[in-house]
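Comments concern the structure below.
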Amino acid sequence: MVFDVGKIVFEIVTDTPTYVSQILKEFGAFRSDKVPTIVIELRGDGLPDIDLRPEEKVFESDAIWSYYRRKNEHIFALRTGGPQHPIFAIAVFDAPLGRGIIYSETSNRHLNYTPLSYPLSELLMILWLVQEQGMLVHACGIIDNGRGYLFSGNSTHGKTTMARIWEDEGVILNDDRIILRQQGSQIWMYSTPWHGDYQKVVAQSMLLDTIFFLSHAASNRLTRLNTLTSTHMLMTRCFPPLWDAAGMEAVLGVCGEVAQNTPCYELGFVPDEAVIDFIRCAQ
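Taking our numbering, the leading residue of the sequence shown gets 19, the next gets one more, and so forth.
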């Protein structure tokens, strides 16, 4: 099974039937006939005998996942809860992140879940994008009559609300996670499988026209932002590899390029359809 998410083309190999059905449920809209550059093998026959040394732990997030770095390997250990819970899956990838094996406990094969689901798939995407002048952004992406709008915000800022408002007027790529990639002086946005409460996902891409940083307001208003402010706001609304200094620098560079090459606004909006004409008239 080959998938293309944001021009990251990967193949998932597994002989576990429940994994196949869940993978297709999560990534099915992104199936591709392209040649993969990344191969992931999913195994459900138990955890490997790997010594996870404390000195090799680079990062831990809420004790749900831990990241270990060795000379030639990236290792992720996944838990269902805090540190008191046992590890249920381990992912081992080569240093270029081109090939990896995800091991899981045998009991997990019968669950409606794969170890590649959240958070691992997003973590891998963050690392892949760092190598490709791209980043994952907390945003809703919408195509309106050939124009690509990115409505960016953190939780409660109105991304899903904006998706529902535009539902009958534009193409909603995704209401929560959008990939941005630089191609020369152009910035493109791509849909992802990882949606919010608006569960419809359209596996398309579009040249990015305008970025709107969302906030709720008593009336619709637009404020043009300078490059420095836009860069800062992108950095606080993206998913950078906090555990990797070089990766953080790369993402900061992408934020700067996006802000420099894309008109950015702060959009205070009232949650009704009037905001659609307000935006169209402002362009």
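Even for Gly, the Cβ is constructed at its ideal location relative to N, Cα and C.
Source: prediction; values computed, not measured.
One thing to note: Ile197 has its Cβ no nearer than 8 Å to the Cβ of Leu226.
Exposure of Tyr136 is indicated by the presence of fewer than 16 other C-beta atoms within 10 angstroms of its C-beta. DSSP, reduced to helix, strand and coil, places Ile68 outside both helices and strands of the structure shown, so it counts as coil.
Exclusion of the five residues before and after Glu187 leaves Ile294 as the residues of its chain whose Cβ lies within less than 6 Å of its Cβ. Under the DSSP definition of a beta bridge, Asp112 partners with Glu91. Secondary structure note for Leu141: it is in no beta strand (DSSP E), and the uninterrupted alpha helix (DSSP H) holding it is 138-148. Per DSSP, reduced to three states, the secondary structure at Trp206 is strand. Nearest to Pro35 by C-alpha distance, out of Glu74, Gly64, Thr132, is Thr132. According to DSSP, residue pairing for Phe169 in a beta bridge involves Cys158, Phe230. Sequence-distant partners of Lys52 (beyond 5 residues in either direction) whose C-beta falls short of 8 Å from its own C-beta, in its chain, are Val20, Asp22, Val27. Taken through DSSP and simplified to helix, strand or coil, Asp295 comes out as helix. A residue is called buried once 16 or more other Cβ atoms fall within 10 Å of its Cβ, and Leu154 is buried on that count. Looking at the DSSP output, Val189 sits in a beta bridge with Ile161.
In its chain, beyond the 5 residues on either side, Val110, Phe111, Asp112, Ala113 have a beta carbon closer than 8 Å to the beta carbon of Glu91. Ranked by Cα distance from Asp33, the options Gly62, Glu123, Ala47, Phe48 are led by Gly62. With a threshold of 16 other beta carbon atoms within 10 Å, Ala221 meets it and is buried. Rounded to the nearest angstrom, the Cβ distance from Leu134 to Ile41 is 7 Å, consistent with a contact under 8 Å.
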